[in-house]
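The numbering of the sequence shown is the UniProt record's numbering, which starts it at 1 and goes up by one.
Let me begin by presenting the structure, written as structure tokens, before commenting on it.
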Amino acid sequence: MKQLGILDAAFINLERGSTPQHIASLGIYDPSTAPGGKVRFKQLIATFERRLDNQPLFRTRLVQVPGGLDRPYWVKDERFDVEFHLRHIALPSPGDWRQLCIQVARLHSRPLDMSKPLWEAYIIEGLDRIPGLPKGSFAIMVKIHHSLVDGMGGNSIAALIHDLVPDPAPADSDEPVPRLVDITPGMAELLSRATVNGIKNVAGVVSGAAGNSLRLARYAAGVATGDYPGIDMQAPKTRFNQSVSPHRVFTAAEFSLQDFKAIKDAAGVKINDVALAVVGGALQRYLDDLGEAPSAALAAAIPVNMRARRES
């Protein structure tokens with residue numbers, strides 16, 4: 001049993017029907033280099049199941065503390081069934097790029113089942129009419145709740161299904177894999193833990209009260225005079241900052257990584273900065289084409305990992 005950290009629990013609390021807190025990735029794969037030139041669904045199931053042994057959080061479900069008195073816990077799901085989470089589908093006719101985008105958007109619009117381990121993967125076949133893709137290519141779309149991906153360090157979903165070399169060394173079967181306890185805690189245990197954690201939290205608040213009080217006093221004084229630090233998140237009204245619906249739209253564009261690296265080196269920035277500039281430029285051009293470009297700059301929230309590895 002493992003308790004969620006503060007940020008991870010916040011993602012659970014933010015979960016709503018119109019704003020689900022999962023993220024998704026989509027990869028397209030050429031099976032021609034696989035043995036026999038084909039990858040079978042049963043092989044993918046076996047690969048996922050085998051590699052899940054090294055990521056025990058993938059086999060856990062969420063257990064809430066009664067009354068929301070404390071952060072929830074990850075507890076091993078005794079009824080875990082990998083075939084519930086790994087699904088095999090095919091694109092409807094005509095099976096072109098537009099159909100793939102529509103299918104991905106529909107899958108991404110559906111919230112995860114919060115009573116199960118918070119991830120799903122879809123093997124999508126029927127891509128033969130997409131220009132530029134080798135015959136028999138398939139896609140893998142992975143949905144994973146933000147609380148789970150943060151709890152695993154953010155990169156384990158990629159490590160789960162990919163190898164960095166064509167012929168990886170076999171895993172050491174003798175190396176022990178950390179396991180979570182099998183027993184689901186009862187209400188009494190959860191409330192007991194919540195009481196202990198509450199006492200610890202109060203102690204932490206008291207110990208930091210002096211410093212916090214000084215900072216709050218300075219902030220309050222700044223608010224009173226209109227001079228206080230902060231981020232100006234005022235944004236002009238556009239078609240984007242409207243009420244959010246549960247529906248999503250997906251598309252993608254292909255860029256050369258070498259081009260991105262050349263721009264990065266010339267500008268002295270990082271690849272993520274180049275990507276953000278491309279997205280920002282695309283939004284500007286899109287609104288210009290619609291005659292809706294605002295005079296003021298847009299504002300957007302960009303997630304940045306600033307957490308310590310051992311944050312609780």
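Note that the Cβ used here is the ideal one computed from N, Cα and C, for glycine as well.
No experiment lies behind these values; they were computed from the predicted model shown.
N- and C-terminal bounds of the beta strand (DSSP E) containing residue i
| i | result |
| --- | --- |
| T60 | 60–63 |
| H247 | First-last for H247: undefined, no H or E at that position. |
| I6 | Premise fails: I6 lies in the alpha helix (DSSP H), 6–13, not in any beta strand (DSSP E). |
| K261 | Segment 257–267 is the alpha helix (DSSP H) holding K261; no beta strand (DSSP E) there. |
| E120 | 119–125 |
Host alpha helix (DSSP H) of residue i (start-end)
| i | result |
| --- | --- |
| V165 | Taken as a continuous stretch (DSSP letters only), V165 belongs to no alpha helix (DSSP H), as it is neither H nor E. |
| L133 | No alpha helix (DSSP H) contains L133, which DSSP labels as neither H nor E. |
| V104 | 97–109 |
| G280 | 271–289 |
| V82 | 82–85 |
| Q43 | 41–52 |
Straight-line Cα distance separating residue j from residue i
| i | j | result |
| --- | --- | --- |
| S109 | R98 | 17 Å |
| R248 | H22 | 13 Å |
| A267 | D273 | 10 Å |
| A24 | G280 | 21 Å |
| F240 | D289 | 15 Å |
| T238 | E292 | 7 Å |
| S93 | G36 | 27 Å |
| D53 | A282 | 42 Å |
| P117 | R50 | 17 Å |
| Q258 | K264 | 10 Å |
| I89 | F48 | 17 Å |
| P20 | A34 | 36 Å |
| G226 | P236 | Unreliable placement is indicated for G226, whose pLDDT of 49 sits below 50; no coordinate value is reported for it. |
| I102 | A252 | 12 Å |
| K261 | I271 | 7 Å |
| R59 | G67 | 25 Å |
| A159 | A297 | 38 Å |
Own chain, CB closer than 6 Å to residue i, minus 5 neighbours either side, in chain order
| i | result |
| --- | --- |
| L127 | L133, S137 |
| V39 | P31 |
| E125 | A90, F138 |
8 Å contact criterion, which residue i and residue j should meet: CB distance rounded
| i | j | result |
| --- | --- | --- |
| I140 | I157 | Wrong, their Cβ atoms sit about 11 Å apart, outside the cutoff. |
| I130 | D96 | 6 Å |
| A121 | V142 | 5 Å |
Residues bridged to residue i (per DSSP)
| i | result |
| --- | --- |
| G27 | I140 |
| Q3 | Y73 |
| I89 | I124 |
| H145 | H22 |
Residues near residue i in its chain [Cβ-Cβ closer than 7 Å; skip 5 each side]
| i | result |
| --- | --- |
| P246 | G17, S18, S109 |
| S256 | none |
Contacts around residue i, its chain only, beta-carbon distance under 8 Å, and the 5 residues preceding and following it disregarded
| i | result |
| --- | --- |
| L14 | Q21 |
| V82 | I45, F48, E49, L52 |
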